[in-house]
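There are 2 protein chains.
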Amino acid sequence: MKERVKTINDSLVRIYSDILWIEENELRKSQFKDLSIKDMHAINAITMYENKTASHVARELHLTPGTLTSTIDRLVRKNYVRRIRSNDDRRVIRLGLTKQGRLMYRAHDAFHRMMIKSFLKDVEPQEIKTIEKALRNLESFLREHS
Amino acid sequence: MKERVKTINDSLVRIYSDILWIEENELRKSQFKDLSIKDMHAINAITMYENKTASHVARELHLTPGTLTSTIDRLVRKNYVRRIRSNDDRRVIRLGLTKQGRLMYRAHDAFHRMMIKSFLKDVEPQEIKTIEKALRNLESFLREHS
DNA sequence: TCAAGTACTTTGATAATCAAAGGTTTACAT
DNA sequence: ATGTAAACCTTTGATTATCAAAGTACTTGA
Numbered sequence: 001m002k003e004r005v006k007t008i009n010d011s012l013v014r015i016y017s018d019i020l021w022i023e024e025n026e027l028r029k030s031q032f033k034d035l036s037i038k039d040m041h042a043i044n045a046i047t048m049y050e051n052k053t054a055s056h057v058a059r060e061l062h063l064t065p066g067t068l069t070s071t072i073d074r075l076v077r078k079n080y081v082r083r084i085r086s087n088d089d090r091r092v093i094r095l096g097l098t099k100q101g102r103l104m105y106r107a108h109d110a111f112h113r114m115m116i117k118s119f120l121k122d123v124e125p126q127e128i129k130t131i132e133k134a135l136r137n138l139e140s141f142l143r144e145h146s
Numbered sequence: 001m002k003e004r005v006k007t008i009n010d011s012l013v014r015i016y017s018d019i020l021w022i023e024e025n026e027l028r029k030s031q032f033k034d035l036s037i038k039d040m041h042a043i044n045a046i047t048m049y050e051n052k053t054a055s056h057v058a059r060e061l062h063l064t065p066g067t068l069t070s071t072i073d074r075l076v077r078k079n080y081v082r083r084i085r086s087n088d089d090r091r092v093i094r095l096g097l098t099k100q101g102r103l104m105y106r107a108h109d110a111f112h113r114m115m116i117k118s119f120l121k122d123v124e125p126q127e128i129k130t131i132e133k134a135l136r137n138l139e140s141f142l143r144e145h146s
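These protein sequences, in sequence, are chains A and L.
Going by full-length UniProt numbering, 39 is the number at position 39 of the first sequence; the sequence numbering is gapless.
Going by full-length UniProt numbering, 57 is the number at position 57 of the second sequence; the sequence numbering is gapless.
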């Protein structure tokens, strides 16, 4: 059992590092080569149509407000993101994707879906429940530790 | 099914970002606060007793040789890592952990094992096989894409 | 024995990040 | 209604991680 835990852990660590690296390479070969992987993750966090506030996105990405400002500056300059000043509360900035931003979002999302589909290859519906349970376990472990 | 893929994907993305963030915070509160999370991952890649070569570790971490050199410089300066010039081939540097480095390695490893144990809470041995299969699927997907 | 290749280091430049201070706007207590 | 505190974002100045490319030391193979 101890050995199994070790193997699963090493596998997860390797997977994570490889995903980042592959995403970075795919990005460089794509039409979006003006973006870094961090830019891409910011676009992903902004999402298609939610118009989240800047502070909400900063929290999700675990970035300080200042860092988010400069990330958004860059993405606005490159025409992936729009700032929308809220009328309810004029301190608040809401974030939206431009047409180009939505294109990027979809490309990244497609890669992730492909990845998860391969993850679930030959996994029965019942077994998917197991995986979902394990992921819920992990999420609640992480909540306890934060 | 499509919705499930999306949910699992979002869960994985969130999990990875949270793990990094929690590890970073734990680190700052610990006796190892002179290390960054990247330092910690370098120590993890070096491992306890393998004495891997510098280029091997660089490859695993997806870092250029130059970046690895400066990472190792820092870890040697802080007394976590030793450089061992190979006698077989005097161009080669092998990397080992100092006593302090091994202490850090064990602490990090303990956290990860705890995490995986909680991941596998209430998961039957047979179900663990499913998870291992899914992880193998994912690793081979990543191999195909790199 | 020397030309090419390998393993690491150095150099110079750039990205991403943070903490702290600064502005505008809102909420609240009096 | 008014002044103070708080919330939200931006700016500033410094630091860290990173890379590409050039450099050094060593090995290999013709």
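Think of the CB as a built atom: it goes at the ideal place given N, C-alpha and C, for glycine as much as any other residue.
If you're wondering where the values come from, they're calculated on a predicted model, not measured in any experiment.
Buried versus exposed call for residue i [16 or more other C-beta atoms within 10 Å across all chains shown]
i: D73 of chain L; result: exposed
i: E60 of chain L; result: buried
i: R94 of chain L; result: buried
i: I116 of chain L; result: buried
i: I43 of chain L; result: buried
i: T71 of chain L; result: buried
Selection from the options that minimises the alpha carbon distance to residue i
i: D89 of chain L; options: L:T53, L:K117, L:G66 and L:L20; result: L:T53
i: D39 of chain A; options: A:L63, A:N9 and A:S17; result: A:L63
i: E144 of chain A; options: L:M114, L:L135 and L:R82; result: L:M114
i: A134 of chain L; options: A:S146, A:K121, A:E132 and A:L135; result: A:K121
i: R82 of chain A; options: A:L27, A:T67 and A:Q100; result: A:Q100
i: N9 of chain A; options: L:R85, L:F141, L:I131 and L:L142; result: L:I131
i: V5 of chain L; options: A:L75, A:H56, A:T67 and A:D109; result: A:D109
i: L75 of chain L; options: L:D34, L:G66 and L:V13; result: L:D34
i: H56 of chain A; options: A:K2, A:V92 and A:H112; result: A:V92
i: T98 of chain A; options: A:H112, A:Y80 and A:K29; result: A:Y80
i: V13 of chain A; options: L:S86, L:K29, L:T67 and L:H41; result: L:H41
i: Q31 of chain A; options: A:S86, A:K2 and A:K78; result: A:K78
i: S146 of chain A; options: L:T7, L:K29 and L:E3; result: L:K29
Nearest-angstrom Cβ-Cβ length linking residue i and residue j, presumed shorter than 8 Å
i: S118 of chain A; j: N137 of chain L; result: 6 Å
i: L142 of chain L; j: I15 of chain A; result: 7 Å
i: E139 of chain A; j: S11 of chain L; result: 7 Å
i: F111 of chain A; j: E24 of chain A; result: Contact flag wrong, Cβ pair sits at about 12 Å.
Residue i - partner residues in DSSP beta bridges
i: T53 of chain L; result: L:R94
i: I84 of chain A; result: A:R94
Residue i: CB within 7 Å of a non-hydrogen atom of the ligand ADP
i: E144 of chain A; result: The ligand content of the structure shown is nil, which means the ligand ADP is not present either.
Validate contact between the stretch 92–107 of chain L and the stretch 41–56 of chain L using beta carbons, cut 8 Å, 3 pairs: Two segments are said to touch when three or more pairs of C-beta atoms, one from each, lie closer than 8 Å; by this definition the stretch 92–107 of chain L touches the stretch 41–56 of chain L.
Do three or more CB pairs link the stretch 18–29 of chain L to the stretch 117–137 of chain A at distances below 8 Å? no
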